[in-house]
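Enquirer:
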Amino acid sequence: MKKYTFTLLAALVVLGLVLSACAPKETEAPTEAAPTGPTGEVTLWHAYQTGSAEEDTMSVLIENAKAEFPGLTINVLQIPFDQIFNKWETEVAAGGGPDMFVAPNDDLGNMSRAGLVDNLDSYLAGKLDHVSQVAIDGMKVDGVLYGVPESAKAVALYYNKSLVETPPATTDELLQMVQDGAPMTFFIGAYHMFGWPGSFGGQLLDADNKCIADQGGWAEALEYLLALKEAGATFDADYGVAEAPFRNGESAFFVNGPWALADYQADLGDDLGVVPIPSSTGAANPLNGIDGFYINPNSENKDAAVELALFLVNKESSQIYTNQAGHVPIRDDVEPADDLNAGFAEASATGYPRPQSVEFGNYWAPFGDMFTKVIEGASAPADAVNEACAAMNAANE
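Heads up: the sequence shown begins at 0 in numbering that gives the first Met the number 0, then just goes up one per residue.
1) Need the endpoints of the beta strand (DSSP E) that Glu40 sits in, please.
2) Counting only runs of 3+ residues fully inside the stretch 173 to 213, write out the beta strand (DSSP E) ranges in chain order.
3) Could you compute how far the alpha carbon of Asn109 sits from the alpha carbon of Met138?
4) Counting only runs that start and end within the stretch 66 to 129, where is the alpha helix (DSSP H) found for 4 or more residues in a row?
5) On the premise that Ser198 lies in contact with Ser278, defined as a C-beta separation below 8 Å, what is that separation, rounded to the nearest angstrom?
6) How many Å lie between Tyr320 and Gly50 at the Cα?
7) By DSSP's criteria, Phe292 is part of a beta bridge. Which residues make up the other side?
8) Checking 8 Å against the spacing of the C-beta atoms, do Asn287 and Val133 come in under that value?
9) Among the residues of its own chain, which have a CB less than 6 Å from the CB of Pro103, if the five just before and after it don't count?
10) Take Ile83 as the anchor and find which of Leu107, Leu267, Thr72, Ala341 has the nearest alpha-carbon.
11) Which whole runs of the alpha helix (DSSP H) in the stretch 300 to 353 are 4 residues long or more, in chain order?
12) Excluding the 5 residues flanking Glu306 on each side, which residues of the same chain have their C-beta closer than 6 Å to its C-beta?
13) If I follow the unbroken beta strand (DSSP E) through Asp235, where does it start and stop?
14) Quick one: using the 10 Å Cβ neighbour count with 16 as the cut-off for buried, is Asn340 buried or exposed?
15) For Asn284, which three-state DSSP category applies?
16) Less than 8 Å separating the beta-carbons of Leu311 and Ala64?
17) Kindly indicate which three-state DSSP category Tyr157 falls into: helix, strand or coil?
18) Measuring straight from C-alpha to C-alpha, what distance separates Gly114 and Tyr158?
19) Within a Cβ cutoff of 7 Å, which residues of the same chain sit near Tyr47, ignoring the five residues on either side of it in sequence?
20) Once the 5 residues before and after Ala20 are set aside, which same chain residues still bring their CB inside 7 Å of it?
21) In angstroms with no decimal places, state the Cα-to-Cα distance between Glu62 and Pro69.
22) For Leu397, which residues in the same chain have their Cβ closer than 7 Å to its Cβ, ignoring the five residues on either side in sequence?
23) Is the stretch 149 to 158 touching the stretch 322 to 331 in the sense that three or more CB pairs, one from each, lie closer than 8 Å?
24) Using the beta-carbon count (16 or more within 10 Å), is Asp332 buried or exposed?
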């Protein structure tokens, strides 16, 4: 009996060993892969108005970025537009501030000279291949790249399709239309009128930032504007008064930028059209403002901030900006949202990147006076240009 019991136990042990060997091995829990892309935390400021298409678009893009970069915590804060530059400058100068913000290049020159935005040359090398050179130049100061370009803003020629069957492509065509009775209104200002001298080959500055408007093109442009006035075009230094006839459907033409598009669409509906300022001996070159993303020199996560900025301006994001917020595209692989958007894109393509030099700051006063004096008949075009250019150069000595 003992022998039988021992034999049975031995058999059970052998069977247990066999079953153990044949059983599936316990599977180890998979190790979670580390997130790809930037990590850490980035804070972004913007000044898009509450409830606007721009704010809604930013929300969409940030959600896309969070999905693309799961390891990155993205904080977004809205700052009122009339405060964002001062708040950035104050906080960054004190050693703080967010990692990045998005804004026009209005104050880029001053910010770069004060060390309030980071040099991005090394970060962006080879990463802006599809971005227009005009937009890239708009983010530069003294040849150094300080921003990631996102979109452009330049004035163009709005027209009313119910009053004009085919918009003018040349200055001669526009003059003929006005002479034939098409009403036109102008806002007198050094910004809105900047593009006309380019149509006549005029330049404002040479490579050394010296005014050369007196060397041709500017006086011819002023003569042309006077010809339009003689033909019946009206000019006003009050912006509201100047644009009212166009918004009321009484004027066929008005020069303004994309910021007015929503209002004009509400006023004119499908009758609204946009084309570049007409050309003469050359293409019009309106001042081209560039919106973009700037990086804080104090940021502890610059690489991530730059990578986020590049994501927010890539092909897919730029198309969303264009389609949903109406931003004027600066990439050659992004399609304009519609004909109106395309008109502004065409105008910006030949625009003059807003200079960020100290010298350009002395353009506004003398040339603003120049336009007013000529239109009001207080000065001859050539004399007014010579006086304005001399005053600008004197102020820059």
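Heads up, the beta-carbon is just placed ideally off N, CA and C, and yes, glycines get one too. Note that the coordinates shown come from a computational prediction; the quantities given were computed from them, not determined experimentally.
Expert: On the basis of the data shown:
1) The continuous beta strand (DSSP E) containing Glu40 extends over residues 39 to 45.
2) With a minimum length of 3 residues, the unbroken runs of beta strand (DSSP E) contained wholly in the stretch 173 to 213 fall at 184 to 186.
3) For Asn109 and Met138, the gap between their C-alpha atoms comes out near 13 Å.
4) Within the stretch 66 to 129, the complete alpha helix (DSSP H) runs of at least 4 residues are 80 to 92, 107 to 112, 120 to 123.
5) At roughly 5 Å, the Cβ-Cβ gap stays under 8 Å, so Ser278 and Ser198 are in contact.
6) Each residue's alpha carbon lies about 15 Å from the other.
7) Residue pairing of Phe292 in beta bridges, as defined by DSSP: Val101, Val147.
8) It is a contact, given that the beta carbons lie within the stated cut-off.
9) Result list for Pro103: Gly288, Asp290, in chain order.
10) Comparing Cα-Cα distances from Ile83 to each of Leu107, Leu267, Thr72, Ala341, the minimum goes to Leu107.
11) Runs of the alpha helix (DSSP H) inside the stretch 300 to 353: 301 to 311, 314 to 324, 338 to 348.
12) These residues qualify, in order along the chain: Pro37.
13) For Asp235, the enclosing beta strand (DSSP E) has its first and last residue at 233 to 235.
14) Buried, by the Cβ-count rule.
15) Judged by DSSP in its simplified three-state form, Asn284 adopts coil rather than helix or strand.
16) In contact: Leu311 and Ala64 (Cβ atoms closer than 8 Å).
17) Residue state, collapsed to three classes: strand.
18) Roughly 43 Å separates the two Cα atoms.
19) Excluding residues within five positions, the ones whose Cβ falls inside 7 Å are Glu53, Glu54, Met57, Gln77.
20) In this prediction, Ala20 has a pLDDT of 46, which is less than 50 and means its spatial position is unreliable; what the coordinates show is noted afterwards. In the same chain as Ala20, and ignoring 5 residues on each side of it, no C-beta atom comes closer than 7 Å to its own.
21) Here the alpha carbons of Pro69 and Glu62 stand approximately 10 Å from one another.
22) Outside the shown range of the chain, which is 0 to 396, sits residue 397, and nothing can be said about it.
23) Contact between the stretch 322 to 331 and the stretch 149 to 158 is present, because at least three Cβ pairs lie under 8 Å.
24) If you draw a 10 Å sphere on the C-beta of Asp332, you find fewer than 16 other C-beta atoms in it, and that means exposed.
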